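Each remark here refers to the structure printed beneath this line.
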Amino acid sequence: MSITAALQVASHLTHQAPLPGRGETRRRWQVLATLAERDLTLARVTEAHLDAVAILAEAGTSVPAGTTWGVFAAEAPAARLEEHDGVLQGTGPWCSLADDLSHALVTAHTPAGRRLFAVDLAAGRAAGTVEVETGTWHSRGLVDVPSGPVHFRGAPAEPVGEVGWYLQRPGFAHGGIGVAACWFGGAVGVARPLLTSDRDDPLTRRSRGLVDLRLQVARLALDAAASAVDTGRAVGAAGELLAARTRSIVAAACEDVVTEVGHALGPAPLTFDAAHAARVADLTVYLRQHHAARDVAAVGEMVGELLDKTGPEETRWPW
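So the sequence shown is numbered by the numbering used here: it starts at 4 and just counts up by one.
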């Protein structure tokens with residue numbers, strides 16, 4: 004799907020997709036997973052836009068009609084973005100679709116700490132205060148979703164929430180799990196040729212069963228997380244741990260699916276089926292938003308802290 008069409012879908016879903024934590028989180032993530040099964044570029048664009056919609060709703064404001072949004076909150080050692088007197092100066096890394104979106108939520112350093120700001124990208128591009136660096140995106144997955152640096156040269160910025168609010172709010176964890184719902188949908192799409200294959204030999208049955216089990220684990224993790232979000236059990240440290248666990252469970256399941264489907268079907272789909280080859284490449288890149296061993300180690304650290312805080316009678320099952 005073209006980026007223009009994907010942005011139109013994202014904009015259409017602004018008021019159609021449920022907000023997280025309001026009783027229909029499972030349906031919200033089903034929407035994202037369904038889009039991802041069809042087209043991961045579409046899901047990647049829509050997830051970022053809907054995340055921005057949810058963040059602004061959490062801050063008590065709404066998205067203007069007809070606008071399309073991204074969230075630029077990554078940091079890199081060689082790039083620093085600062086806010087002074089209502090404008091942004093510096094470079095933001097990993098700014099997906101900055102040349103196509105109308106607006107973005109951007110984190111920047113202030114004298115008091117990191118803070119979230121709303122930026123009119125379209126106006127900035129026209130005025131020369133937002134310069135998108137092109138030619139840096141050489142990915143073979145999510146080819147049409149370039150995520151390169153953006154240079155801000157006095158771009159007007161409207162504060163969203165207080166200093167530190169972006170990372171501390173309950174919705175930060177909820178948004179991270181929404182990305183995992185996209186990974187899951189992408190893995191279902193990758194698995195579809197194997198699950199619907201006419202092959203009926205023992206090895207194919209074994210691969211089909213393994214893939215089905217991995218997808219069920221991921222789906223159950225997402226369902227449980229949605230329930231926790233909607234019942235108010237995913238806030239603070241509990242929300243952070245839930246997001247880290249869910250993302251790690253889903254990412255591992257999706258990576259297993261990609262590997263098992265490749266082993267079962269061989270090179271033909273990757274070389275002669277353009278849609279399947281693109282889907283595998285897209286999912287492989289998208290999954291790298293999960294930081295593999297580093298994120299799993301973070302789960303271990305959080306679990307260790309949880310164990311330290313529980314009494315002896317609770318240590319058998321403190322979570």
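Backbone N, C-alpha and C fix where the C-beta goes; we use that ideal spot for every residue, glycine too.
No experiment lies behind these values; they were computed from the predicted model shown.
Among the options, which residue has its Cα nearest to the Cα of residue i?
{"i": "L35", "options": "W186, D259, P270", "result": "W186"}
{"i": "H266", "options": "L197, T113, R236", "result": "L197"}
{"i": "A121", "options": "H293, L309, G89, L206", "result": "G89"}
{"i": "F175", "options": "L244, A190, G144", "result": "L244"}
{"i": "S76", "options": "G95, G69, G63", "result": "It should be noted that the sequence gives Ala, not Ser, for residue 76. Comparing Cα positions, the closest option is G95."}
{"i": "W72", "options": "L213, P80, G189, D54", "result": "D54"}
{"i": "E1", "options": "G151, H87, S251, G188", "result": "As displayed, the chain neither begins before 4 nor continues past 322, which places residue 1 out of reach and without an answer."}
{"i": "I6", "options": "L170, E258, D103, V56", "result": "D103"}
{"i": "A51", "options": "L206, L108, E40", "result": "L108"}
{"i": "A57", "options": "A221, A79, Y289, L16", "result": "L16"}
{"i": "L10", "options": "W168, A46, A39, A255", "result": "A46"}
{"i": "P117", "options": "G26, E78, R222", "result": "Reading off the sequence shown, one finds Arg at residue 117, where the question assumed Pro. Ranking G26, E78, R222 by Cα distance to R117 puts E78 first."}
What are the boundary residues of the beta strand (DSSP E) that residue i is part of?
{"i": "S251", "result": "It is not in any beta strand (DSSP E) - S251 instead sits in the alpha helix (DSSP H) that spans 239–268."}
{"i": "V166", "result": "Unbroken run through V166: none, as it is neither H nor E."}
{"i": "A107", "result": "106–113"}
Buried or exposed, going by whether 16 or more other CB atoms sit within 10 Å of the CB of residue i?
{"i": "R217", "result": "buried"}
{"i": "F275", "result": "exposed"}
{"i": "Q19", "result": "exposed"}
{"i": "G24", "result": "buried"}
{"i": "Q219", "result": "exposed"}
Terminal residues of the continuous alpha helix (DSSP H) containing residue i?
{"i": "R128", "result": "124–130"}
{"i": "L332", "result": "Look at the range of the chain in this structure, 4 to 322, and you will see that residue 332 is not part of it."}
Where residue i and residue j are concerned, what is the direct C-alpha to C-alpha distance, given to the nearest angstrom?
{"i": "G157", "j": "V193", "result": "44 angstroms"}
{"i": "S65", "j": "G239", "result": "24 angstroms"}
{"i": "T37", "j": "P173", "result": "25 angstroms"}
{"i": "T262", "j": "P152", "result": "32 angstroms"}
Given residue i, which residues of its chain have a CB within under 8 angstroms of its CB, disregarding the five upstream and five downstream residues?
{"i": "T318", "result": "Its pLDDT being 46, under 50, T318 is placed unreliably by the model, and the measurement read from it follows with that caveat. L310, listed in sequence order."}
{"i": "R83", "result": "G93, T94, H112"}
{"i": "R211", "result": "L197, L198, S200, A267"}
To which residues of the same chain is residue i closer than 7 angstroms at the C-beta, ignoring the five residues directly before and after it?
{"i": "D42", "result": "M4"}
{"i": "D259", "result": "R217"}
{"i": "R30", "result": "P21"}
{"i": "R248", "result": "V302"}
{"i": "A224", "result": "T249, I252, V253"}
{"i": "T287", "result": "G144, V261"}
{"i": "G188", "result": "L35, A36, T37, L38, A39, E40, A46"}
Which residues in the same chain as residue i place their Cβ atom closer than 6 angstroms to its Cβ, once the five residues preceding and following it in sequence are excluded?
{"i": "A280", "result": "L273"}
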